[in-house]
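Only one structure is covered here, and it is reproduced in the block below.
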Amino acid sequence: MKKDNEKNDTPVGDGDGIIVLKNLTKKFGDNIVLDNISLAIEKGKTTVVIGPSGCGKTVLIKHFIGLLRPSSGEVYFKKRRIDNLPENELNKIRTYYGFLFQAGALFDSLSVAGNIMFPIRQHYKITDWTEVEEIVKAKLAMVGLDGYQHFYPASLSGGQKKRVALARAIALNPEVILYDEPTTGLDPIRADIINELILKLQRELGETTVVVTHDMTSAYKIADRIIMLHNGKIIADGDADHIRNHPHPTVQQFINGQVSEDDLAVLRARGTITQAQFLPRDFKG
Ligand SMILES: Nc1ncnc2c1ncn2[C@@H]1O[C@H](COP(=O)(O)OP(=O)(O)OP(=O)(O)O)[C@@H](O)[C@H]1O
Ligand SMILES: [Mg+2]
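See below:
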C-alpha cells in the first residue's frame, strides 16, 4: 500500500517515475489550482486521478504533455525536464503519449480511418499507405471496431466514438496513455466496455496509464493507484482499499457521492436550494 502524499510530498527523486512533478504550482490569476504538488507516475502502472469538478484534474495532466506550463515547479518525462522546452521539442515528447481528452471529439469531417490516421500523418510522411491501412485495422481491432473504417462519427454511438478515439490515441504506439473522463456520458454497460478496454490495452501494450475520472466504479476496477486532488493538494494516494478505507472525511464524501457541509453552505448562501424552493409560500404576504 502506498503512502499518502501528505507523507511523500517531499521532492521526488528523478528515478522514481516516468512522469515526475516537482513542487508544481499552477495559478490562473489569483486562482491557485495546483498548490506545490510533487508526484511520480510509475511506469507500466495505471494511476487514476479523482476529485471534485474543478479541482484541477485536467490542468494536472495537461502539464504532463506541456499543454500548460507551471507557474512554478518542474515537470520531467523520462528524467528529462520538459516544462521549459520550446513547442517543437514538446511536440516530440507528445509522440510518446496517446491522449483521450475530455472534450476529445473526433473530427466529424473525417471517416473513422481518417481519424485514426490523423496523428500518424501529423508526425510522419506517409509513403506506404497499405501499411497505414494495416495499422488502422489493427488499432480498430483492438477496440472491437474493425470494419468501421468508412463510417463517419455522426453515425456512431457515444460508446463507439470513445472507442474510435481510443484507437486514435494508440495510433502511435504510445508509452503513456492519458484518459480524461473516458466513461463520462456513457451508460454503465458501455462505461464498463471502456474500462475493459483500458485494462486490455494495459495488459497487451504494457504502457503507463493515467486516467482522470469521477467514476469510482471505474477507478476501483482499473487502478493500481488512486490519487485524490482537493484544494490544490493531493489528499489521498494509495490502492483501491486504501482509498475505500481512507479516514479523511472529504475522501469519504467524494467516494460515497455525498455533498459536503461546506458545499451545502455555499449553495444555501446563494439561495439556490432553500429560497428557490420556498420563496412563493414563505413570502406570499
Ligand atoms: N486555461 C484556463 N484559464 C483559466 N482558468 C482555468 C484554465 N483551465 C482551467 N482553469 C481553472 O482551473 C480549475 C481547474 O480546472 P480543471 O479543468 O482542471 O478541473 P477538473 O478537475 O478537470 O474538473 P472537471 O471534473 O469538471 O473536468 C478551474 O477553476 C478552472 O476554471
Ligand atoms: Mg476535467
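My numbering puts the sequence shown at residues 25 to 309. Each residue gets a CB set at the ideal place from its N, CA and C atoms; glycine is no exception. Values in this document were obtained by computation on a predicted structure and should not be read as measured data.
Item	Value
Rounded separation between P76 and I250 - CA only	14 Å
Contact between the segment 202-218 and the segment 177-187 (3+ Cβ pairs under 8 Å)	yes
Boundaries (first-last residue) of the alpha helix (DSSP H) holding H310	No information on residue 310 is available, as it lies outside the stretch 25 to 309 that the chain covers here.
The segment 94-102 in contact with the segment 45-60 per 3-pair CB rule at 8 Å	yes
4-residue-minimum alpha helix (DSSP H) runs that sit fully inside the segment 243-287, ordered along the chain	264-268 and 273-279
8 Å contact criterion, which I74 and T237 should meet: CB distance rounded	6 Å
Simplified DSSP state of L223, which is helix, strand or coil	helix
Residues near M25 by beta carbon distance below 8 Å, same chain, minus five either side	Per-residue confidence for M25 stands at a pLDDT of 43, beneath the threshold of 50, marking its modelled position as unreliable; the derived number appears in the next sentence. Excluding sequence neighbours, M25 sits near G262, D263, D265 and H266.
CA nearest to the CA of L253, picked from E66, V160, R118 and T71	T71
Contact test: T49 Cβ vs ligand 1 heavy atom, cutoff 6 Å	no
Exposure label - P143; buried when at least 16 CB within 10 Å	buried
Among P198, L63, G80 and K245, the one whose alpha carbon lies nearest that of G256	G80
Straight-line gap, P273 to D132 (C-alpha atoms, nearest Å)	44 Å
Proximity below 7 Å, CB of I201 to CB of G122	yes
Burial state of E111 (16 or more Cβ within 10 Å)	exposed
Bounding residues of the alpha helix (DSSP H) (the contiguous stretch that carries L114)	E111 to R118
Any heavy atom of ligand 1 within less than 5 Å of residue CB: hits in chain order	F52, V57, S77, G78, C79, G80, K81, T82 and V83
V283 and A260 closer than 7 Å at C-beta	no
Neighbourhood of M171 by C-beta distance below 8 Å, restricted to the same chain and skipping five residues each side	The sequence as given places Gly at residue 171; Met does not occur at that position. So the list reads L164, once near-sequence residues are dropped.
Reference Q173; option with closest CA among L225, E205 and S135	S135
Whole-angstrom C-beta distance between I117 and G90, which should lie under 8 Å	7 Å
Sub-7 Å separation of G182 and G209 beta-carbons	yes
Buried/exposed call for K50, threshold 16 Cβ in 10 Å	buried
Inter-residue spacing [alpha-carbon to alpha-carbon] between D1 and A243	Past the boundaries of the shown model lies residue 1; the chain is included only from 25 to 309, so the question cannot be answered.
Identity of the residues DSSP links to E157 by a beta bridge	For E157, which the question treats as bridged, DSSP gives no partner whatsoever.
As assigned by DSSP and simplified to three states, the class of V290	helix
DSSP bridge partner residues for E98 (one or two, in chain order)	K46
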